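A.B. asks: Below are the structure tokens for one structure; questions will follow.
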Amino acid sequence: MGKIGRNQPCPCGSGKKYKHCCLSAQQAGAVAEPTSPVKVSLLATIEKVQTLAEEKKEVFLELGVFLFFADHKGDAWLFEITDSDAVQIAKNGERLAVQVNENPETIEINFSHTFALHDREVYVTSYVDKVKTLLVNSPAQQINAAIRRLRKRFPKEMLAQMHVEQGEETSA
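Residue 155 in full-length UniProt numbering is what sits at position 155 of the sequence shown, and the numbering runs on without skipping anything.
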């Protein structure tokens, strides 16, 4: 196992930085035992957001490179921020079918739209008819912040492979 950096997440699974959690115990001679990672399923998260959309509750969740949000009108979306892909998962409080193939090696999602941030607003463009639509109740500021965190978390070379460009507009 490689050396753990002070500012990396603690391997014990607490969610804290290593320097604020187990570093002092490790330096004193105690070894932190990593807990088994919690398997978070993309399908389970979609279900959770769809349930909240049915209840017309606002929510914003991040799962790796995936962003989920629902608004007070019952509309919910799944965004994949590396390729700026999107798919609507609920509309007016009604669940929409989402084609997801999830296995340990890959995740395949049948995306229907792309998304873009312009002038602090979120737009989606349909792949089918190329119609651009403003998502009035979308959390543009939270989406922008999530994209910025992604850019800080990964090196430029990896971002280029994931199709997230440094010059991409995220002025929200």
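Ideal placement from N, C-alpha and C gives every residue a C-beta, glycine not left out. Keep in mind it's a predicted model, so treat the numbers as computed, not measured.
Do the stretch 87-96 and the stretch 125-135 meet, that is, are 3 or more Cβ pairs less than 8 Å apart?
C.D. replies: Taking 8 Å as the limit for Cβ pairs, the verdict is that the stretch 125-135 does not touch the stretch 87-96.
A.B. asks: Under 7 Å Cβ to Cβ from Ser126, same chain only, skipping five residues before and after it: list those, please.
C.D. replies: Ser112, His113, listed in sequence order.
A.B. asks: Residues in the same chain with beta-carbon distance under 7 Å from Val122, minus the five sequence neighbours each way, listed in chain order, please.
C.D. replies: So the list reads Phe115, Leu135, Ser138, Ala140, Ile143, once near-sequence residues are dropped.
A.B. asks: Let me confirm a value: Gln8 is counted as buried when at least 16 other C-beta atoms fall within 10 Å, else exposed. Which label applies?
C.D. replies: Its Cβ having fewer than 16 others within 10 Å, Gln8 is exposed.
A.B. asks: Expressed to the nearest angstrom, what Euclidean distance is found between the alpha-carbon atoms of residue 176 and Gly64?
C.D. replies: Because the chain in this structure spans residues 1 to 172, residue 176 falls outside the shown range and cannot be described.
A.B. asks: Measure the CB-CB distance between Glu58 and Gly74 and report whether it falls below 8 Å.
C.D. replies: Taking 8 Å as the Cβ cut-off, Glu58 and Gly74 do not qualify as a contacting pair.
A.B. asks: To the nearest angstrom, how far is it from the Cα of Pro37 to the Cα of Asp129?
C.D. replies: Only weak support is given to the placement of Pro37: the predicted model assigns it a pLDDT of 43, under 50, and the value that follows is read from those uncertain coordinates. In a straight line, the C-alpha of Pro37 is about 42 Å away from that of Asp129.
A.B. asks: Kindly indicate the opening and closing residues of the alpha helix (DSSP H) around Thr51.
C.D. replies: Element bounds for Thr51: 42-54.
A.B. asks: Suppose you measure from the CA of Thr45 to the CA of Trp77; what does that come to, to the nearest Å?
C.D. replies: In a straight line, the C-alpha of Thr45 is about 12 Å away from that of Trp77.
A.B. asks: Under a three-way DSSP split, which group does Ile81 fall into?
C.D. replies: Residue state, collapsed to three classes: coil.
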